[in-house]
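Just below is one structure, and these are the notes that go with it.
There are 2 protein chains.
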Amino acid sequence: MNKIEHIGIAVKNFHFSVPIFESILNTKCYKKEKVVSEKVNTAFFQVGESKIELLESTEEDGVIAKFIEKKGEGLHHIAFDVDDIEAEMKRLKKEGFTLLNEIPKTGADNKLVCFLHPKGTNGVLIELCQEIRK
Amino acid sequence: MNKIEHIGIAVKNFHFSVPIFESILNTKCYKKEKVVSEKVNTAFFQVGESKIELLESTEEDGVIAKFIEKKGEGLHHIAFDVDDIEAEMKRLKKEGFTLLNEIPKTGADNKLVCFLHPKGTNGVLIELCQEIRK
């Protein structure tokens, strides 16, 4: 793992939450992006080499809406930057971790991503991220 | 905020969880430290410019034990590195955030720390960290 790529935070409403995180981090949100397949809007803030990614559900049955219903707003996942996502997936599978997707999928911010099942990671939803090379 | 200093993760037992995070991160835990005032043991892993900090309660009535009882193991807090903690505390207070301690306190890993009340930060427990200069 090269670095923390981003921390995902589930929020109800960007209208309230983007200004809150702009105040805390003392920096402007530099990008918003909708990820249709995940039913979320994302808003990004840069902090050092990492990002804070706010997540707002676009649908009532979206994964973020369900998370907030169950646990409330707050920390949702941690994403690590990797050079070769397929090699990392293979390594972690061999170590006994369960992958939530067997093939890397396209996430926000020009990334290939894979999630690990939180049952094997002390309840932490962990994402692997690899920059898509063009 | 200069960078994500660390991500705090609440776990029940280092005996199981330290090897899990060594596997995920593919790096050894480089330090363990007890913080008596907080009733926790901490275990650190370096990832890029940031750290992962596992937190294990040392007492049944500790804050981490209570967190796990209520929410289960998982992401607990996010800590940002700052140059001048008192200036940041003053700035955030002025912006309307509630500080959980009005005077910086001594945390793990040679740091002065202050927490923001999660009610004002979309449920995210946020820590400010400043390296103690000797």
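These protein sequence lines are chains A and B, in that order.
If you read the first sequence in my numbering, its first letter stands for residue 4, the second for the next number, and so on.
If you read the second sequence in my numbering, its first letter stands for residue 4, the second for the next number, and so on.
No residue lacks a Cβ here, since even glycine has one placed at the ideal position from N, Cα and C.
| query | result |
| --- | --- |
| Taking 8 Å as the cut-off, decide whether the C-beta atoms of V21/B and I7/A are in contact. | no |
| Should the stretch 11-28 of chain B be regarded as contacting the stretch 51-71 of chain B, the criterion being three or more beta carbon pairs within less than 8 Å? | yes |
| Step through the CB atoms of chain A and report whether any lies within less than 8 Å of the CB of M92/B. | no |
| Name, going along the chain, the residues of the stretch 28-52 of chain B whose beta-carbon falls closer than 9 Å to a beta-carbon of chain A. | L28, N29, T30, V50, G51 and E52 |
| Answer with yes or no whether the minimum CB distance from L95/A to chain B is below 8 Å. | yes |
| Where does A82/B sit, in a helix, a strand or coil, going by DSSP? | strand |
| For T118/B, tell me which candidate among C32/B, H9/B, D112/B and H80/B has the shortest Cα-Cα distance. | Inspection of the sequence shows that residue 118/B is occupied by Phe rather than by Thr. Closest option to F118/B, Cα to Cα, is H80/B. |
| Please tell me whether I135/B and K114/B are closer than 8 Å, where the distance is taken between their beta carbons. | yes |
| How close, in whole Å, do the beta carbons of T61/B and N44/B come, if the pair is a contact with beta carbons under 8 Å? | 6 Å |
| Please determine, among K42/A, A90/A, E105/A and K37/A, the residue with the shortest C-alpha to C-alpha distance to D201/A. | Nothing can be reported for residue 201/A, as the shown portion of chain A is limited to 4 through 137. |
| Kindly indicate the opening and closing residues of the alpha helix (DSSP H) around K96/A. | I88 to K97 |
| So, are the CB atoms of L78/A and I10/A less than 8 Å apart? | yes |
| If you compare alpha carbons, which of L102/B, P107/B, K74/B and K137/B is closest to P121/B? | L102/B |
| Report the CB separation of D64/A from Q133/A in whole angstroms; it is logged as a contact under 8 Å. | No, D64/A and Q133/A are not in contact; Cβ-Cβ is about 29 Å, not under 8 Å. |
| Got a sec: is the Cβ-Cβ distance from I88/B to anything in chain A below 8 Å? | no |
| In terms of residue numbering, what span does the alpha helix (DSSP H) encompassing L102/B cover? | That residue, L102/B, is in no alpha helix (DSSP H); it is neither H nor E in DSSP. |
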